[in-house]
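A quick write-up on the structure given underneath.
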Amino acid sequence: EYPDPTHPNLIYYDLPGVGTPKFSRSEYFNMIKNQTKHNMEFKDFDFFLILSADRFTEEDAWLAQQINGGGKQFYFVRTKIDISINNSRDNDPDNFNEEKLLNTIQTYCLKELNALNRNIRGSINNGWNEANIFLLSTKLFHSDRWDFRRMRKSLMKDYPDKKRDSFIMSFRTNSKDILREKVSVLQKGLWQYAMVSALGGAVPYPVVSTVIDLATVQFALSNYKKHLGLDHKSLEILLETYQMGSITSRLKSSASYLFYTPDQVFAKIVRSEIKDEIAEKTTKQLLKYFPMLGQLVDATISYRNTYIQLHEMLNELESAGINVIDYARDDFLKSRDRSEEL
Numbered sequence: 003e004y005p006d007p008t009h010p011n012l013i014y015y016d017l018p019g020v021g022t023p024k025f026s027r028s029e030y031f032n033m034i035k036n037q038t039k040h041n042m043e044f045k046d047f048d049f050f051l052i053l054s055a056d057r058f059t060e061e062d063a064w065l066a067q068q069i070n071g072g073g074k075q076f077y078f079v080r081t082k083i084d085i086s087i088n089n090s091r092d093n094d095p096d097n098f099n100e101e102k103l104l105n106t107i108q109t110y111c112l113k114e115l116n117a118l119n120r121n122i123r124g125s126i127n128n129g130w131n132e133a134n135i136f137l138l139s140t141k142l143f144h145s146d147r148w149d150f151r152r153m154r155k156s157l158m159k160d161y162p163d164k165k166r167d168s169f170i171m172s173f174r175t176n177s178k179d180i181l182r183e184k185v186s187v188l189q190k191g192l193w194q195y196a197m198v199s200a201l202g203g204a205v206p207y208p209v210v211s212t213v214i215d216l217a218t219v220q221f222a223l224s225n226y227k228k229h230l231g232l233d234h235k236s237l238e239i240l241l242e243t244y245q246m247g248s249i250t251s252r253l254k255s256s257a258s259y260l261f262y263t264p265d266q267v268f269a270k271i272v273r274s275e276i277k278d279e280i281a282e283k284t285t286k287q288l289l290k291y292f293p294m295l296g297q298l299v300d301a302t303i304s305y306r307n308t309y310i311q312l313h314e315m316l317n318e319l320e321s322a323g324i325n326v327i328d329y330a331r332d333d334f335l336k337s338r339d340r341s342e343e344l
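In our numbering, the protein residues as written are 3 to 344.
Structure follows, in structure tokens:
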């Protein structure tokens, strides 16, 4: 099992293949229960990915039937599609057509699976269609290509509502779509940080309120950077893993890439320019939680200032994240082109 590093309650399981003497069809799910740390039963899993780098087997089709019959979602994933494409291009560069090749692979997988399905004794499944099959590469900079987006949308659509946001945040931020979806999730929680500032604003000491605002914004920004892959550690890993040193210099010259210092955050809080439409919205939200009078005005100001500042900063970090992805992809493609020339 592999707990997500930032969401430990989200756990991925690498399950053994079915059909071996140890994991026979009749005892497969019982064996899974006995050998997983938390005694995971079939009903405890949210969805299943059935992966193959070459061809699917009758055991894969049988497993899909069991999953489907139990009311769970499953996805056939044909991996290493980048290798198949490169091999086809190398073998016949003059007649190579990527779209045609992808259609051929998907059609072959579909026919193979449906033929296997019909061969399974007692089969009650009428077969599958293209929507069940996804062609992918697990390499970082191919994560926006082929069927990755389609599979991710299917996963999120089929995922339980209460867990969907955590699932989105568990994705590595290696595509613009994922980045934008993460920003959308983070925006939902702006009010929580703003509420902390509002509580500080209710304290009848201006210095205390300012310190609380500053600490709240700094804490929120630290979390945003970590979730969006913009913290120092994430960028260092990116640079070390893919050896794209020019990203550093390009980021430093990027106006949207803002690693706020305490002084910068303080300055933004002090000179905050309140937008009427957001101020009205946030004030109404605040009144739901603070029906009493007292320090309502100060609390409202702290709430809306923090809300707006974090909203603006999150948008700026989104732009920075897009730059990181663009820079990384550009450097990767240049490096690949140089390798191919050699």
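Note that the Cβ used here is the ideal one computed from N, Cα and C, for glycine as well.
Short check: CB of residue i to CB of residue j, under 9 Å?
i	j	result
residue 234	residue 175	no
residue 62	residue 47	no
residue 15	residue 42	yes
residue 135	residue 112	yes
residue 153	residue 166	no
residue 55	residue 27	no
residue 118	residue 58	yes
residue 150	residue 177	yes
residue 91	residue 100	yes
Output the distance between the C-alpha atoms of residue i and residue j, rounded to the nearest integer angstrom.
i	j	result
residue 279	residue 181	Because residue 279 sits at a pLDDT of 43, beneath the cut-off of 50, its placement in the model cannot be relied upon, and the following sentence gives the value as read from the coordinates. If I take the Cα positions, the gap works out to 26 Å.
residue 323	residue 86	31 Å
residue 317	residue 30	48 Å
residue 226	residue 188	7 Å
residue 126	residue 223	Model confidence at residue 126 stands at a pLDDT of 49, short of 50, so the residue's coordinates are unreliable; what they give is reported in the following sentence. Between residue 126 and residue 223, the C-alpha separation is close to 52 Å.
residue 44	residue 93	44 Å
residue 76	residue 306	44 Å
residue 95	residue 10	46 Å
residue 37	residue 19	14 Å
residue 186	residue 315	13 Å
residue 67	residue 328	41 Å
residue 5	residue 171	13 Å
residue 326	residue 53	30 Å
residue 296	residue 164	Residue confidence is low: residue 296 scores 44 on pLDDT, short of 50, so the model does not pin down where it sits. No coordinate-derived value is stated.
residue 194	residue 156	30 Å
residue 115	residue 60	8 Å
residue 214	residue 88	56 Å
residue 35	residue 21	16 Å
residue 190	residue 238	29 Å
residue 110	residue 69	22 Å
residue 51	residue 65	11 Å
So, under 8 Å CB-CB, residue i and residue j are touching, yes? Tell me the CB distance rounded to an integer number of Å.
i	j	result
residue 216	residue 319	Rounded, the Cβ-Cβ distance is 18 Å, inconsistent with contact.
residue 312	residue 192	5 Å
residue 161	residue 169	5 Å
residue 83	residue 148	6 Å
residue 1	residue 133	What the structure shows of the chain is the stretch from 3 to 344, and residue 1 is not part of that stretch, so it cannot be assessed.
residue 24	residue 33	7 Å
residue 98	residue 74	Residue 98 to residue 74, Cβ: 38 Å. No contact.
residue 236	residue 218	Going by Cβ atoms, the distance from residue 236 to residue 218 rounds to 23 Å, so no, they are not a contact pair.
Per DSSP, residue i is paired with what?
i	result
residue 79	53, 136
residue 5	13
Taking the continuous alpha helix (DSSP H) assigned at residue i, which residues delimit it?
i	result
residue 42	That residue, residue 42, is in no alpha helix (DSSP H); it is neither H nor E in DSSP.
residue 30	30–37
residue 71	60–71
residue 96	No alpha helix (DSSP H) contains residue 96, which DSSP labels as neither H nor E.
residue 74	Here residue 74 belongs to no alpha helix (DSSP H), and DSSP marks it neither H nor E.
residue 150	150–160
residue 179	178–190
With a cut-off of 9 Å, does the C-beta of residue i fall near any C-beta of chain D?
i	result
residue 18	Any reference to chain D falls outside this structure, which holds one protein chain only.
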